[in-house]
Structure formats: structure tokens, C-alpha cells
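A.B. asks: If you scroll down you'll find the structure; I have some questions about it.
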Amino acid sequence: MQTNAAGSSVEIDPITFEVVRHRLSAITEEQAITLQAVSGSPVVTDATDFNVGTYLADGSIVTMGPQVLFHSGSMASVVRNIVKDFSENPGIREGDMFVLNDPYRGALHQPDVSVVAPVFHEGVHVAWVGCCAHQLDIGGMNFGSWSIKARDIQQEAMLLPGVKLVEGGLIREDLWQMIMGMTRLPMAVGLDLKAMIAANTVAGRRLVELCDRYGVDRVLRVMEMEIDHSEEQLRDRLRTLPDGTFRAIDYLEHDGHENRLYEYHLALTKSGDELIFDFAGTSPQAPGFINATYSGLVGGVFTAVLPILGSGLRWNEGLLRPLTIRAPKGSVVNANWPAPVSSATIGSIWVVTNVSVAALSRLAVVSAESASDATAVTKGSMTALVLSGSNRDGQPYGNFFLDSTAGGGGAYHDHDGLNASGDFCVPRPAITNVESHEATGPVLYLYRALIADSGGPGRQRGGATVGLAFTPHDVDSLETMIVGHGVEVPNSVGLFGGYEGSCNRNEVLKRVDGLSPVGRVTTFAEHDGWQGERVSLGAKPGFFTLNRGDVLAYSFQGGGGFGDPIDRDPKDVAADVVDGYVSVGHAEDVYGVVVDRSGAIDASATTARRSAIRAARIGRVPAATASDEPVPGTRTLTPSLLLSDDGDVVCRCRHSFGPGFDWTARAVRRTVEPEAHGPYVRLHAELELREFVCPSCGTLLGCEVARIGAPDLTTVELR
Amino acid sequence: MDPASEQLYVGVDTGGTFTDLVVMDAAGRIHTNKAPTTPHALEEGVFTALELVAADRGETVEEMLGKVESFGHGTTQATNALIERNGTATGLITTQGFGDTLIIQRLMGFTAGMPTETLSQFKSRSYPLPITPRQLIAEVPERVDQAGNVLVPLDEPAVRAAVEQLGHNGAKSFAVCFLWSFRHPEHERRVREIIRDIAGDGAYISLSSEVSPVLGEYERTATTVLNSYLGPTVAKYLERLESSLQARGLRGRFSVLNSIGGVMSARDAASRAVLLLASGPTGGVIGSRYLASELGHANVITTDMGGTSFDVGLIVDGRPVISGVTEVGKYHVSAPMVDITAIGAGGGSIAQVAGGKLLVGPESAGAFPGPVAYRRGGTRVTVTDADLVLGIIDPTTFLGGRMSLDPEAAEAAIREQIAEPLGLSTFEAAAGIRRIVDAKMADTLRELTVGRGMDPRDFVLYAYGGAGPMHCAGFGAELGVRQILVPATSMAHSAYGALASDIHHSAEISQLVRTTPGNAEPWLDLDSAHIAAVFAELERGCRSKLSENGVPDDQMVIQRSADVRYRSQTHELIIPIGDGPFDDAATQTLIGDFEETYEQTYGRGAAFREAGIELTTFRVEAVGHTPSPAFAVHAPEYHAEVERATRPVYDVVSGGWLKATIVPWPALRTGDRIPGPAVVEHPTTTVYVDANQWVSIDAVGNLLITLAM
């Protein structure tokens, strides 16, 4: 195979550069539009669980779409593995396309199927184009290919290592039929594969036209420059940030077999213009499907880096180059073959993004230029819900519901998190209309609404989540499968004293003879009045049957808060009460704001309530008050803590914790019940919730979800 | 004077900066002029423009209006009210359990309208300021399923309580949107009666089953609420304008251009205000369609490049391309509208160097402060500054000399901000700005044509708007079209569209009709009699609307279409249906047309009949033809050979100065064929012709730019 390593010597004027660069973005956009228009699944069209891109011949990402970000990191590995494994036999030729879903060869998990195509110009292999889209079913032991009881990868799903599905421009009928024979939904998978082939065809053709017009060496040079440029910009940005180590820990409950708790440790070290992500201390790999392979780990880290340190930059390979990612082999974030991985995306990869967001935000907030991109964790968990059975016309029915992306967004230092934000890994999300769900399947929704008090409290509030309930309609039963996490782990942690957002809640209200739930269950609160049995499902109930008259209700994680909730402007709390995002009781208990339903604030009662909360935290009347006034001889450590020139950690009230970054040891340290942080915060039996308070002013400086008995985490250490 | 010429036809368009007016007499002669738009009271700008044209014609406004047969109006009133959030406080009544639908917006609200290149900034994603806050949304018990069965009857006492509470909370108008209401409209109709009962007959009420009877509760709710939010404002404005026009002598028909490119009476427009949301830019597309049918151009790309944006529409086989859902002001409106794509590229687009790279737009200096050369306080380089430095704009004749430009300031700004940081000459830098903005526009045009399976070489490109004729030579060549037309009305083309529009009504309804997967002859699964009945019902409604507008039966043109997709897809294609009875043969043709269009769009082999086929929405568009005159044959102002001036113009392709021919537009004669580089100048616009292009004029005064073969 001949490849063109690009004409690095070619000179490009800045105008040609911008013209060709814009054209490359336009090609990627056209690729995404084609894929979405042809695809048969709302997973692609609404939830945008796909990505597209163009790559150099060696697999380096040149352009990527603003769809699910996990994929972008993994598709480069997909291309690289195909080049490594199949260049000689069967060879990479013009008109070929390869299909791959093997997580040990670049995929995230098996349902994410990639189709990549080499691009040839005048007989020379110059680049790649590719697509990746989540498929509704790619076989294996369970419908939907979330193989909850699997113990090795061979049980989980079909495994495509990079098979040449299209050869010389034609779909190979033998392989096509083989794939169609292994999925339970050949119509949907068939449409999606055709969609990916069409999108690659379009992108490949456009790239060739571009080479014809400007010369292949110039186009390749622009691609390289584009990557170099993003890399330089990220390195510049890193150089403005102080060196240091920033840590975060998160947890995932239940591995499909047992409700064990897995730990994810990240120490992010920033040194000069480099970033090292070190996952040492993370739990060993699990016997069940929650593990991530190395490509999943990269996808999870990249997803956090892009919007936080890559905000406003063009996203491509250049933003990966300053990163080093390390994780112990055989850990839950870097599993050894043949560990099962079919829920990696909504399992380990998701939690990798959570800890990466928290650690990167702790870094970003230290510098004035990047502080506005620092964010508390957005909806730190994901729930997959798959329904299957017969449709009302007797045809087979199966769907993957992604309403569960409608959780809450993490708060920023200067504004609240988005209510119904979608996931951090999805820049432009959408959920499906209730009527579309009801038109395509035998379900009837009872409510779909935002839930009060679900957003993590803070000086800036985390976004509220959506909750919903539905019942089978026109059929006697539906097979249901739920896989998720974050029911007993508040993954959406707050930052700098902000609280956690709500936990997930999965419930079944069992049928009561002669009583339709329609019109009876119309709000989240009405579950309490249900006359029948109410079953609280855990994080991974797996498969169960939902019968006519049963109600399935679930809600998601709200976003984490930013800063101490009792520092929130009472007017903002009152506005939340009027809008119904915060209840009157929550406003008083958590925010210390005494307000009625109309939004009228009792100012003196509020002042008194807030003083009482501070006093209760430290066991005495506060001796000092924090202020935002600049303190000479210090620099920022966190929004509420400063680092003095002689190395002491100092509260904004001027209280000194003395030298050393383990200031938590000298703070007022207390463990609190999860309910103290919100009505939907829950804790796994092995976890506790800690608060760290300034002993002088009573400001809440940080919260930590920790394994009982584990040492406090030193979250920020500057050098 | 020929008495027939005493009949006048008027089109007026209130744009963001200017209010444009076109007056045409029965012989097809036109007068145009423009006045600054007056956002606080749009009718003031309209009357100023009327006075200017009346003066041009040597008569009073009253004399002129007295001769007007038809007065068509394209207005941004609805769009302004939405963007400025000064519509009427609207109370929404919806199905219990679903009151947050309009707040959640399917999660699409916080990225709506964000160009892809800005999506990397998560911190800047935000939901729109709600058109209806949560306190003005009331849920009432009722529930209908997808088949139209009532599962929970409407709780009327709850409705009464809700209406009273909403009134108490400040609602002045009402919107009602229940789940599946288009399958069972009775609940919504009953709520209207109850509202009338409580709030009186004058209450402005929109029902989703009437405004937008299509599947998808979020878009339907947004459309219905927007209708009530905008309705009272639009109604008052149109009433005010119509009665002032009548007070000053108008006796002819007054009508308003809607977003699907037809005109409606002021009364119909007032009850369907949401249909006016894209009224402004639609005018240009409709003007182009009228011109295209006169000139025999079946396929046209319409481009309107103004100060801040570049708006593109397509006419395919003589019909403007329509979209079913349109994003306006961060909400999603579910009503058929002329599909217009806008990007941030215009004369005011800002050029800057960032990280050693030259970027142009989407940031804009707008009309204020505008380009550096305007001397209105603008300090940042814009596309217009580059055009001036390159010699394309003559600083002394810009806008007929009404505005003098400062080329030295523009040159200095380009030198300091662009050329020096990049190590280029000032002219190379200016040429670069022009090439980049032209390439961006060409990329957009390519996505809209090639990206949809259409070959730009099959299209004529129409260019209008303030900056369009200055740049069309560049982006047209880049796109690869063979012919570019600058309409004689280019300076007021949207207003011309309002003048030339036919009366239009459309009706649609969602109904899912499916074939069985695996059926190789899917049309056998379709009940043609049932579909025929659905169309017949829609057609009856449209015909009676046209009759109300005084259109005789034989002047009605009915066009049916269906939205079709493969089963389980979510994206439909709109497939037009031929005339004649809808029988079994018609179903087979429909499916054949769908698969043909599908493969044209997504590539040969993309069709996937095995998945089964779904028809989701049925639509009827009814057009009542209104006569308007054809253009008069263009008579050049000079009959003798015009002395053509020349001036140096910098050629962005070759990177050197060329001697361009300068010719006044009115002096061009049919048969003239002038090679580029050339600049054709008109008091209100400048047309640039590239070195390898030719320009000529047709019999009615349109300029044609042809690419040298």
C-alpha cells in the first residue's frame, strides 16, 4: 500500500489555509447530516450517539463532529488498529470500507460500530474518513447487547475486528448477511450501516474533490497544520496555568453480578505544557460488563479535556498530543482481554469522564483566563433502558430509550448549571418527543417533568433533572431492561462547597387490579400515594417484565453545585422557588433563605438562618466573615482558598490553615447524612459524605463522597 | 398616459436596517426606494418610503395609493416581537404531567442557533428566556392516546380553575396544547369555549390542533404558544397599517407575505401570526421564483447577502424548497416554511488575525458602527473595507453618493490589523478577506446543493441584497454555477417578492400509515381510499379559505404532498403528489418517487425497502393566483455609445491589479457583452464581474454574469 505522508515542505498561505480548513469542517458536517438523515434510530437522530470525522493516513484526527465525544478519541484507535492488523492481508485499497466494534481494537464497547474508509487520490492512500454509531442490537446473550450476566467478551455480542464490508465500492453480500444474521434488529442495523457507508462515500468524494482543486500536498499540509495549531494553542493555555497535581475520586456501584463498589482514582499532574492523567489506585477489573479497555479510557479523558481546556479551540488530534494517560493494566479502566466490557460507555468510561471533569476544573479555576470553563460534574451517571416485545400490530418491537440524557448540568463559577442539560459527552443533545415514542411503540407516558430540589445546591446551583413514568399500552406486557449506576453514588459532585446533584431513582409501581395508572400518576410526588406495591430498583435490575397496569418511573442525576449554598444570592433562590426548581423547605434548610411560594424573602429571618447554619457547622458563632477582596501576597488555590507566598493555605476570611495542602486535616471536618444535601441524595453502604468547613468563618470549603475510613483526598497541590 | 398604467402594484419589506419599497405599474415599469426602518413603529418607515417613491413619480402619496390595486407587505414585526420578547403574556394549558415540555424543549433550546464552530464553548450554552414562564403554564387532567381514544376525560372544573389562575398570574392571551390533540381536537375546542366564557370573546386563543396539527408535542406547543404570544402584536400592527393606508387613499387589496411565500389577508395573518416569522427573507425567494418562471429558470439558488448575514434559498423545478420545522429565536416552529439557511457572512463581517490565522466572521460590525470606512466609529476591519481597498467599491459613488467612504482609514486598518501580523501586503490581506468570505458562502451553497444530491451546474444563481452583487462573481465561480443573475430589483428584491406573491393557504395533518417490513411491494399495504379521503378533507378546507379571499375556483392551484420515510427513521422526505385521483396507481408512484428522491439524496444503493415505509404527514397547499404585471422591457437611458470609464481593481485570484471596465447599469443595452473584470454601478448597488466572466443585460433589465468557457 502506498501512502502519502503529506508534503510537510509545502508552503501554505494563510488564506488558502482558511479556505481549505473551512471546507474540511463543511465536509464533516455534511457527513453527519447524511448519517442522521439515513439512520433508522433515534439513538442517532435525536441522542446523537455517533460521531464522524476525517483522519490522516496514520489515523490522526483532523476533524470531528460535535456529537457524542467519547467516540472521537476511539475512532483514531480504530483506524490505527486496522492499519496495523490488515494492511498486508486483506490489504487496504481504493473503494474499501472496514467495520469494527472490538473494544480491544479501538471501539468503546461492542454496540458502537465504526465504519471507516481509506481515501485515495490518484491511486495514493492519503487519508481516512469514518463514522461510528451506537447500534440498537448487535447480538449476544441479551436484547440490546447490554450483556449484564456475561463473564467474558465472547458471550456479549458479535465481534467485528475490522472486517472489509465494502470492497471495491460494493457491499460484500456474504459479510452483510452474516452481520444481519447476528442482530435481532436487522432493519435498524441495516439502515445504520447503509447510513455510515453513505456518509463515508460523500466525505471521501468531497475530500478527493478538494485535493483535485488545491493539490493533495496542500490539503494534507493544511490537515497537519490544523492539528499542530490546536496543539500549540492548548500548550499555550497550559503554560498559563500553574504546575501542580489535581485529584478526584468517584465510584461505580454494581458490576452486573454483585453490588460491589468500584473506585476510580485520578491524579492529574500539570507540568509545563503537558498533562499527565494517572489512574493509579483505581479498582482491579470487574467480573462483569462495566470495564473499559484502553481506548475507552482515552475516550473518557478526551471528553473532559475538550470542553474545559479545549473551549473555543478546534477539536482534533492536537488536543490529545500534550496528554499522557496511565492506568494499571488489569484495572477497571484498562481491562485485560477477555474481560467483558459491553456497558463500558455508561460504566467505567462515564466515571472516567466524571473524575477528569472534576480534576480539570480544579486546575482550570486557578487561572483567571480558564476559570470560566471550570464546571461541577454534569449528570455523572447514565441509565440505559431497553424495551422489547410485540408492538400493537404484532410486529417485533425494540427500542433503546435515551430520555435518560435529560439530567442536570454542573454549575459554573458565574452561572447555574442547565436544567435538563443532556450529558457532558454530548455538545448538542436532543430527546425524542413523547408522541414519537407512543407512535412507534406500545407505551403511554404518565409524566415527563423537571424535578424540584434535584439540582445540586451551591452558590451557583446545579441543573435540575427530568423524571418520567410510563406504562405498557395496547399490549399485555413488555420486556424491560435497566442498566445504570449512580442510584447509591452521587456522582454529580459539586465543587468548592457545592453539593451533589440528585441520585438516579428507578422504580416500578406494581399494577392494582381495576385501577389504570393513567391520570393517577402524573407527578413524581404522586408515587407516594400509589395504592399498590412500590418496588425500588437498584442500579442494575437487569431484565424484568412490565405488565399492563404497571408503571416504570425513573429519574436521573441533577448537576453538581458550585460554592457554598448559603452564599447564593437570596434573590436567585427566591426566583428558583417561584419557578418551582427549589421548594420552600429546601430553600430554608439548604440555602438558609426564608421565602414564601410567591418569592417574597424574609430578609432578617434569612440572615438569622444563615448565621445559624454557619454556627451549627463549627459549633460556635463564627469569628470572621469571608470576603472577595483581594489579599496581597497570595494567589488562588480554589475560589474560596488562597495560597500565601510563604506556602500557607488561607481562607478568604484570612484564617490560616498553616503550611501544606492537606488543609482538610485542620478544617472542621464532619460527616453528614445524605438527606442533608438533598432529598434524592443516596449513599452506598460503604460510602459516607464529608464536609470541610473553615473554623473561623463557617464557610463550607468542600464536600467529599468517600469510602468509610478512607483518608481525606488532597484535591489540589500547587508546585 | 395609458389608463392601464394607472393601476399600481406595491410591495414593501421592512428589513432590519432598511424598509424597501417597489411600485410597479400595469405596464411593468418599476420604481423603488428605501427608507430607514423604524423599529418602534414600523409603519413610519413604510410611509417614508411611500413618500420617496411618490415623489419620484411626481405625485402625492394619496394620489399614488388611490391607484394601488394590490399592496403586499413582508414584515419582520413577528420576528422582532419574538427576539425582543415584547409579545403578549401567554397562558399555556396542557395535559397533566407534561407542563414542562416547553421548558425542556427536547433539550434543543440551549444549542439552537449556535453555529457548530461555537459549540466547543459549553459555558456559553443557555436556554432562551422563556416565551412563557413556568407560572403561566397550567396542567389539566385529560389524556388521549395515539389512536385518538380518550383515556382520561377533560376535567372541566380544573380547566376553569386553570384559566382563572393564569389570568390572575397575568396571562393576556391563551394557548392550548394537549398530547395527541390532532387525533381528537374536542378537548382543545372545549377549553376554548371555557376560556371565552371566562375571559370574554376578545381573548386571543390558539389551539394546537388548528395551528399545527402535526405529531411532536414540543414543536407543536412552541408553535401554538408563539402564535398567541405574537398574535395580538401582529394584529394591532397590521390593523394600524392597513387603516392608515386606507385613510390615505388605499382602496386595493392589502395582504401580508407569510413564511411559505404566499400572501394572506391581514385578518388571516392576525390569527396565524406564527406564519409570519420568516416573512422578510421569504420575499426574496418568492420574488426570485416569480422572475424564474418568467425567465424559464427551473432551478435557482437564491442568495441574499446583506450587512450581517447571508441567506440562501433553493427553487427546484419551479418550487421553493420547504422545510417542516424551522428554528426561530431558539424555539422550533412546526409549520411549513420556505427553507432559508443563514450564516454569519455579510459586508459587515469582521476580519481578524488570531493565532497567526486569518478569520472572517461570523462576528459582525452590523450597520452600526459598521465598517471602518463608514466613519461611524467602527474600528475593526470588515468585508466592505476590503472591497473598498480592492477598488470594487468606488468611494465617491457608493449608495449613489449618499454616503461617502474613507478608503484611507480602511486601508490603514487592514494594514495594521491584518497585513502586518501576517506579513502580507495590504492588498494581499484585503484579497484574502474577500477570498475567505466568498469560500465560506460557497461552502454553504455546496452543502445545500451537493449535500442534498443536487448539482450546482443545474442551477442559476440569483444574487441580491446590499453586498450580494459585489461578491456573487466570487462565490458563484467557487461553487461552479454557469450563470449568475442579478435581478433588476436586486436593491429591493424582498419587497418585489411581496408584490408578486400569490394567495396561499396550506393545511396538514399527521397520521401514521405504514407498510409491513419485508414486503417487496409495499404499496399493496396502503389504503389509497383512506389517504384520498384525508387529502380531500384538507383540500376542502384550503379551497374554502381561498374562496373567502375572493379567489374563483378556476384560479386555484392545489398541490398535495406527503412526508415519507423508512420505518423507524425519524427524518422524512417531502414527496409531492401529482394531480388526479389518489388511487392504487398513485400509491405506487408515491413510493417510487420516494425511493428515487431518497437515492438521489443519499446515494445509489441507500434505499432499504425491506425496512418498510411510513407516511407520517399529509399536506395540501392551495394557491390562488393573483394577477400582477410582467416587467416592462428595459429601455437604456443612453442610446449613443457610452463612454466607458476604467479603474484599477485588484484581482483576488491572480493577485495583481487589473484594469476594470466601469459601466452604469442603466446605460447597458441588450446585446452588450462586456468582459470582466468589470464593475456595473447603480445608485443603490454595485455589481462586480470577475476576469474570466462576461456580463450582459436582458430585455427587462436583469444582469447576467456568464462564466467564460
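Residue numbers (numbering that gives the first Met the number 0), protein chains in the order written: chain P, 0 to 718; chain S, 0 to 708. The beta carbon of each residue, even a glycine, is placed where N, CA and C say it ideally should be. Just so you know, these numbers come straight off a predicted model, no measurement behind them.
1. Given a limit of 7 Å on CB to CB distance, which residues of the stretch 412–436 of chain P reach chain S?
2. Using a cut-off of 7 Å between C-beta atoms, extract the partners of K193 of chain P located in chain S.
3. Can you list the residues of chain P that I103 of chain S reaches, using a CB-CB cut of under 9 Å?
4. Are the Cβ atoms of G162 of chain S and I197 of chain S separated by less than 7 Å?
5. Could you work out which residue in S:E595, S:E598 and S:A606 is closest to R566 of chain S when comparing CA atoms only?
6. In chain order, which continuous runs of the alpha helix (DSSP H) of length 4 or greater are located wholly inside the stretch 138–187 of chain P?
7. For R533 of chain P, which residues in the same chain have their Cβ closer than 8 Å to its Cβ, ignoring the five residues on either side in sequence?
8. Distance cutoff 7 Å, beta carbons only. Does I590 of chain S sit that close to anything in chain P?
9. Shorter than 7 Å from the beta carbon of H638 of chain S to some beta carbon of chain P?
10. On the DSSP bridge list, what partners appear for I573 of chain S?
11. Under 8 Å, CB to CB, which of the residues in the stretch 557–590 of chain S have a partner in chain P?
12. Please state whether DSSP places A643 of chain P in a helix, a strand or coil.
13. State the CB to CB distance for the pair T544 of chain P and S453 of chain P, rounded to an integer number of angstroms; the pair is presumed to be in contact (CB under 8 Å).
14. Please list, in chain order, the chain S residues whose beta carbon lies closer than 9 Å to that of M186 of chain P.
15. Hey, does D578 of chain P have any beta-carbon neighbour from chain S nearer than 7 Å?
16. Return the CA-CA distance between E690 of chain P and G496 of chain P, expressed in angstroms with no decimal places.
17. Please confirm whether P516 of chain P has its beta-carbon closer than 7 Å to some beta-carbon of chain S.
18. Given this structure, state the Cα-to-Cα distance separating V583 of chain P from S610 of chain P, to the nearest angstrom.
19. Given that a residue counts as buried once 16 or more other Cβ atoms are within 10 Å of its Cβ, and exposed if not, what is E5 of chain S?
20. Determine, using beta-carbon pairs with one atom in the stretch 306–318 of chain P and one in the stretch 212–226 of chain P, whether at least three such pairs fall under 8 Å.
21. Report the three-state DSSP secondary structure of H638 of chain S (helix, strand or coil).
22. Are F121 of chain S and P306 of chain P touching if we call contact CB-CB under 7 Å?
23. Kindly list, in the order they appear in chain P, the residues whose Cβ is closer than 9 Å to that of Y330 of chain S.
24. Can you name, in chain order, every residue of its own chain whose Cβ lies under 7 Å from the Cβ of Q35 of chain P, other than the five neighbours on each side?
25. With F276 of chain P as the anchor, note down where its beta strand (DSSP E) starts and where it stops.
26. Enumerate in chain order the residues of its own chain whose CB-to-CB distance from D57 of chain P is below 6 Å, with the five nearest sequence positions on each side excluded.
27. DSSP state of A4 of chain P, grouped into three classes?
28. Tell me whether P152 of chain S is buried or exposed, calling it buried when 16 or more other Cβ atoms sit within 10 Å of its Cβ.
29. Any beta carbon from chain P within less than 7 Å of K544 of chain S's own beta carbon?
30. Once you ignore the five residues that flank Q554 of chain S on each side, which residues in its own chain have a CB closer than 7 Å to its CB?
31. Less than 7 Å between the beta carbons of Y289 of chain S and A499 of chain S, yes or no?
32. Go ahead and label A639 of chain S buried or exposed: buried means 16 or more other beta carbons lie within 10 angstroms of its beta carbon, across all protein chains shown.
33. Determine the burial state of W336 of chain P: buried for a count of at least 16 other Cβ atoms within 10 Å of its Cβ, exposed for fewer.
34. When DSSP builds the beta bridges, which residues end up paired with H133 of chain P?
35. Are L99 of chain P and G161 of chain P close, meaning C-beta to C-beta below 7 Å?
36. Taking the alpha-carbon positions, what's the R266 of chain S to P428 of chain P distance?
C.D. replies: Concretely, from the data shown:
1. L417, A419, G421, P426, R427, P428, A429, I430, N432, V433, E434 and S435
2. Translated into the one-based positions of the first sequence, residue 193 of chain P becomes position 194. By Cβ distance, chain S contributes A605 and F607.
3. Position 104 of the second sequence, counted from the first residue, corresponds to residue 103 of chain S. Within 9 Å Cβ-Cβ: A405, N418, A419, I430, R447, A448, L449 and V465.
4. Looking up residue 162 of chain S in the second sequence gives position 163. Looking up residue 197 of chain S in the second sequence gives position 198. It should be noted that the sequence gives Val, not Gly, for residue 162 of chain S. Yes, the Cβ-Cβ distance between V162 of chain S and I197 of chain S is below 7 Å.
5. Along the second sequence, one-based indexing puts residue 566 of chain S at 567. Considering only alpha carbons, the answer is S:A606.
6. Within the stretch 138–187 of chain P, the complete alpha helix (DSSP H) runs of at least 4 residues are 172–181.
7. On the first sequence, position 534 is the one that residue 533 of chain P refers to. Only E506, V507, L508, K509 and H526 meet the Cβ criterion.
8. As a working note, residue 590 of chain S is residue 591 in the second sequence. Taking Cβ atoms only, chain P never reaches closer than 7 Å to I590 of chain S, which makes this a no.
9. Numbered from its first residue, the second sequence carries residue 638 of chain S at position 639. Note that H638 of chain S scores a pLDDT of 45, beneath 50, so its modelled location is shaky; the value from the coordinates is reported in the next line. Chain P, which has no Cβ nearer than 7 Å to the Cβ of H638 of chain S, makes this no.
10. Locating residue 573 of chain S in the second sequence gives position 574, where the first residue counts as 1. The partner list for I573 of chain S (beta bridge, DSSP) reads S:D562.
11. The stretch 557–590 of chain S vs chain P, Cβ under 8 Å: Y565, R566, S567, Q568, T569 and H570.
12. If you number the first sequence from 1, residue 643 of chain P lands on position 644. Residue identity check: residue 643 of chain P is Ser in the sequence provided, not Ala. Strand, per DSSP.
13. Residue numbering aside, residue 544 of chain P sits at position 545 when the first sequence is read from its first letter. Residue numbering aside, residue 453 of chain P sits at position 454 when the first sequence is read from its first letter. Not confirmed; about 29 Å, so no contact.
14. What you label residue 186 of chain P is simply residue 187 of the first sequence in a count that begins at 1. Ordered by position in chain S, the residues that pass the 9 Å Cβ test against M186 of chain P are P516, G517, Y565, R566, S567, F607, E609, A610 and G611.
15. Locating residue 578 of chain P in the first sequence gives position 579, where the first residue counts as 1. Interface residue, yes.
16. Counted from its first residue, the first sequence places residue 690 of chain P at position 691. Counted from its first residue, the first sequence places residue 496 of chain P at position 497. Near 8 Å, if we compare the C-alpha coordinates of G496 of chain P and E690 of chain P.
17. To locate residue 516 of chain P, count along the first sequence from 1; it is residue 517. Answer no: the Cβ-Cβ gap between P516 of chain P and chain S never drops below 7 Å.
18. The residue given as residue 583 of chain P occupies position 584 in the first sequence. The residue given as residue 610 of chain P occupies position 611 in the first sequence. In a straight line, the C-alpha of V583 of chain P is about 19 Å away from that of S610 of chain P.
19. To locate residue 5 of chain S, count along the second sequence from 1; it is residue 6. Classification for E5 of chain S: exposed.
20. yes
21. Against the second sequence, residue 638 of chain S aligns to sequence position 639. With a pLDDT of 45 at H638 of chain S, under the threshold of 50, the modelled position of this residue cannot be trusted; read the value that follows with caution. Looking at H638 of chain S - three-state DSSP - the assignment turns out to be coil, as it is neither helix nor strand.
22. Here the question's residue 121 of chain S lines up with position 122 in the second sequence. Here the question's residue 306 of chain P lines up with position 307 in the first sequence. With contacts defined by Cβ atoms closer than 7 Å, F121 of chain S and P306 of chain P form a contacting pair.
23. Along the second sequence, one-based indexing puts residue 330 of chain S at 331. Those do not exist, as Y330 of chain S stays about 14 Å from chain P at its closest Cβ, beyond 9 Å.
24. Numbered from 1 along the first sequence, position 36 holds the residue referred to as residue 35 of chain P. Same-chain partners within the cutoff: V43 and T44.
25. As a position in the first sequence, residue 276 of chain P is number 277, starting the count at 1. Looking at the DSSP string, the run of the beta strand (DSSP E) that includes F276 of chain P is E273 to D277.
26. Along the first sequence, one-based indexing puts residue 57 of chain P at 58. Cβ neighbours of D57 of chain P beyond the five flanking positions: none.
27. Locating residue 4 of chain P in the first sequence gives position 5, where the first residue counts as 1. Only weak support exists for where A4 of chain P lies, its pLDDT of 49 falling under 50; the value from the coordinates is given anyway. Of the three classes helix, strand and coil, the one that applies to A4 of chain P here is coil, per DSSP.
28. As a first step, residue 152 of chain S must be located in the second sequence, where it is residue number 153. Label assigned to P152 of chain S: exposed.
29. Sequence index remark: in the second sequence, residue 544 of chain S carries index 545 (1-based). Not closer than 7 Å to any Cβ of chain P, the Cβ of K544 of chain S fails to qualify, so no.
30. Counting from 1 along the second sequence, the entry for residue 554 of chain S is found at position 555. So the qualifying residues of the chain are G623 and H624.
31. Position 290 of the second sequence holds residue 289 of chain S. Position 500 of the second sequence holds residue 499 of chain S. Against a cut-off of 7 Å, the Cβ pair of A499 of chain S and Y289 of chain S comes out as a contact.
32. Position 640 of the second sequence, counted from the start, is the residue given in the question as residue 639 of chain S. For A639 of chain S, the predicted structure reports a pLDDT of 48, less than 50, and the residue's modelled location is therefore unreliable. The matter cannot be settled from this model.
33. Numbered from its first residue, the first sequence carries residue 336 of chain P at position 337. Exposed.
34. Taking the first sequence and counting its residues from 1, one reaches residue 133 of chain P at position 134. P:D111.
35. Translated into the one-based positions of the first sequence, residue 99 of chain P becomes position 100. Translated into the one-based positions of the first sequence, residue 161 of chain P becomes position 162. Yes, these two residues count as a Cβ contact at 7 Å.
36. Sequence index remark: in the second sequence, residue 266 of chain S carries index 267 (1-based). Sequence index remark: in the first sequence, residue 428 of chain P carries index 429 (1-based). In a straight line, the C-alpha of R266 of chain S is about 39 Å away from that of P428 of chain P.
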